[in-house]
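Worksheet for the structure shown next.
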Amino acid sequence: MQVHTVGEGTPEVAVVGAVHGDEPCGARAIERFLDGDPDVDRPAKLIVANEPALERGIRYVDTDLNRSLPGDPESDQYEERLAHELMTEVQGCISLGIHSTVSYGRPFANVAYLNERKREVVAHLPVDQVVDFTVVADGRSVELPGFLDVEAGHQGSTAAVDNAYDCIVAFLRTTGVLPGDPPAPDPGFYEVTEPMYKEPGRTYRFRGANFERVAPGERFADVDDDPLVADEEFWPVLMSDDGHDVLFGYRSTYRGPLSSLSAPSHGDANAESVTDD
Ligand SMILES: [Zn+2]
Numbered sequence: 007m008q009v010h011t012v013g014e015g016t017p018e019v020a021v022v023g024a025v026h027g028d029e030p031c032g033a034r035a036i037e038r039f040l041d042g043d044p045d046v047d048r049p050a051k052l053i054v055a056n057e058p059a060l061e062r063g064i065r066y067v068d069t070d071l072n073r074s075l076p077g078d079p080e081s082d083q084y085e086e087r088l089a090h091e092l093m094t095e096v097q098g099c100i101s102l103g104i105h106s107t108v109s110y111g112r113p114f115a116n117v118a119y120l121n122e123r124k125r126e127v128v129a130h131l132p133v134d135q136v137v138d139f140t141v142v143a144d145g146r147s148v149e150l151p152g153f154l155d156v157e158a159g160h161q162g163s164t165a166a167v168d169n170a171y172d173c174i175v176a177f178l179r180t181t182g183v184l185p186g187d188p189p190a191p192d193p194g195f196y197e198v199t200e201p202m203y204k205e206p207g208r209t210y211r212f213r214g215a216n217f218e219r220v221a222p223g224e225r226f227a228d229v230d231d232d233p234l235v236a237d238e239e240f241w242p243v244l245m246s247d248d249g250h251d252v253l254f255g256y257r258s259t260y261r262g263p264l265s266s267l268s269a270p271s272h273g274d275a276n277a278e279s280v281t282d283d
């Protein structure tokens with residue numbers, strides 16, 4: 007794990023790239039940011055998490071780091087030990103993890119257990135959608151009280167690096183590390199209701215589009231030559247033909263613009279001002 011610190015003092019802000027080694031955009035965007043030798047108003051950490059997996063272009067070495075938190079320093083699995091180290095590094099920080107996907111080209115944000123602090127940050131990322139993963143957050147970084155993620159675009163694309171860089175700058179402005187105003191795009195808020203798993207040995211083809219409503223009765227996918235029909239409406243998230251071995255994607259419900267949601271009930275003593283309420 008590489009940990010770069012900018013500014014003086016103990017950082018309370020962190021950016022984490024390469025949680026998944028086959029998603030290089032976060033590490034590349036961190037390099038670009040550091041190459042610019044930025045002037046900062048307060049310190050921040052920039053972390054490249056899974057270096058061996060990044061070097062090999064694979065998601066993980068032994069097991070998925072983003073299902074392994076809080077980790078175990080005694081484990082014989084590399085990512086379990088790494089998860090423990092990462093937890094230690096981001097302790098006390100508000101953190102942004104950078105990911106990418108095969109399912110969607112535009113950046114969107116992932117949260118769980120939305121609190122005031124996360125809400126403040128996510129409202130100022132350059133994204134059109136925020137997805138609440140609370141129901142499936144177990145072992146993922148977004149489960150932590152000060153952690154949220156962005157999916158920056160297609161895995162391996164230069165656009166994902168550009169989007170990741172823009173998200174890092176916006177995040178560091180919102181948290182007061184960089185001067186300047188972050189954007190305030192008022193993204194749509196989608197709440198994941200359930201994962202959809204694949205039946206082993208069958209071929210899936212997604213016919214819809216992520217974040218676009220699937221109506222009751224709509225044929226949204228084919229499994230081999232059989233139609234897969236929605237029994238009730240949902241909004242697909244991270245749905246793709248072959249993005250994952252066993253997971254086809256997630257069903258979600260659209261809740262409206264982020265600004266229309268009532269304030270989260272999870273209190274946070276470290277919360278700074280909230281933009282809308
Ligand atoms: Zn990822």
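Just so it is clear: in the sequence shown, position 19 is 25 by my numbering, and no numbers are missing. Each residue gets a CB set at the ideal place from its N, CA and C atoms; glycine is no exception.
Proximity test, Cβ basis, 8 Å: residue 102 and chain C: Absence of chain C from the displayed structure is noted, only one protein chain being present.
Kindly list the residues whose CB is nearer than 7 Å to the CB of residue 25, restricted to its own chain and excluding five residues on each side of it in sequence; keep chain order. For the purposes of this step, residue 25 is taken as the residue at position 19 of the sequence shown. Correct list, in chain order: 55, 56, 71, 72, 103, 105 and 147.
Mapping DSSP to helix, strand and coil, what is residue 202? The sequence position of residue 202 within the sequence shown is 196, counting from 1. Correct three-state label for residue 202: strand.
Looking at residue 56 and ligand 1, is the gap between the Cβ and the nearest heavy atom below 7 Å? Numbered from 1 along the sequence shown, position 50 holds the residue referred to as residue 56. No, ligand 1 has no heavy atom inside 7 Å of this Cβ.
Going by beta carbon distance, what residues of the same chain come within less than 6 Å of residue 132, once the five residues before and after it are set aside? One-based indexing of the sequence shown puts residue 132 at position 126. Once the five neighbours on either side are set aside, the close Cβ partners of residue 132 are 172, 176 and 189.
Any heavy atom of ligand 1 closer than 7 Å to the Cβ of residue 25? Numbered from 1 along the sequence shown, position 19 holds the residue referred to as residue 25. Yes, ligand 1 has a heavy atom inside 7 Å of this Cβ.
I need the boundaries of the alpha helix (DSSP H) containing residue 171, first residue and last residue. Your numbering for residue 171 matches position 165 in the sequence shown. Counting along the chain, the alpha helix (DSSP H) containing residue 171 begins and ends at 164-180.
For residue 51, the residue or residues it bridges with in DSSP: Numbered from its first residue, the sequence shown carries residue 51 at position 45. Looking at the DSSP assignment, residue 51 forms a beta bridge with 11 and 20.
Thinking residue 111 and residue 160 are a contact (beta carbons under 8 Å), I'd like their distance in whole angstroms, please. To locate residue 111, count along the sequence shown from 1; it is residue 105. To locate residue 160, count along the sequence shown from 1; it is residue 154. Contact holds; Cβ gap of about 5 Å.
Limits of the alpha helix (DSSP H) - the one that residue 90 falls within: Your numbering for residue 90 matches position 84 in the sequence shown. That run of the alpha helix (DSSP H) goes 84-96.
Report the three-state DSSP secondary structure of residue 265 (helix, strand or coil). Stepping through the sequence shown from its first residue, residue 265 is reached at position 259. The answer is helix: DSSP assigns residue 265 an H, G or I state.
Have a look at residue 29 and residue 167 and give me their C-alpha separation to the nearest angstrom. Position 23 of the sequence shown holds residue 29. Position 161 of the sequence shown holds residue 167. For residue 29 and residue 167, the distance between alpha carbons rounds to 10 Å.
Mind checking who residue 220 pairs with in its DSSP beta bridge? For the purposes of this step, residue 220 is taken as the residue at position 214 of the sequence shown. Note: residue 220 sits in a beta bridge opposite 240.
Return the CA-CA distance between residue 83 and residue 158, expressed in angstroms with no decimal places. Reading the sequence shown from its first residue, position 77 is the one you call residue 83. Reading the sequence shown from its first residue, position 152 is the one you call residue 158. Spanning the two alpha carbons is a distance of roughly 28 Å.
Hey, is the stretch 127-142 in contact with the stretch 196-203, meaning 3+ C-beta pairs nearer than 8 Å? Short answer: they touch.
To the nearest whole angstrom, what separates the beta carbons of residue 44 and residue 12, a pair I think is in contact under 8 Å? Reading the sequence shown from its first residue, position 38 is the one you call residue 44. Reading the sequence shown from its first residue, position 6 is the one you call residue 12. Their Cβ separation, rounded to whole angstroms, is 6 Å, which keeps residue 44 and residue 12 in contact under 8 Å.
Mapping DSSP to helix, strand and coil, what is residue 283? For this step, residue 283 is matched to residue 277 along the sequence shown. The predicted model places residue 283 with a pLDDT of 37, which falls under 50 and marks its position as unreliable; any figure quoted below should be read in that light. Residue 283 falls in the coil class under three-state DSSP.
What is the rounded straight-line gap between the Cα of residue 19 and the Cα of residue 225? As a working note, residue 19 is residue 13 in the sequence shown. As a working note, residue 225 is residue 219 in the sequence shown. Distance between residue 19 and residue 225, taken at the CA atoms: about 44 Å.
Quick check: is any heavy atom of ligand 1 less than 7 Å from the C-beta of residue 105? Counted from its first residue, the sequence shown places residue 105 at position 99. For ligand 1, at least one heavy atom lies less than 7 Å from the Cβ of residue 105.
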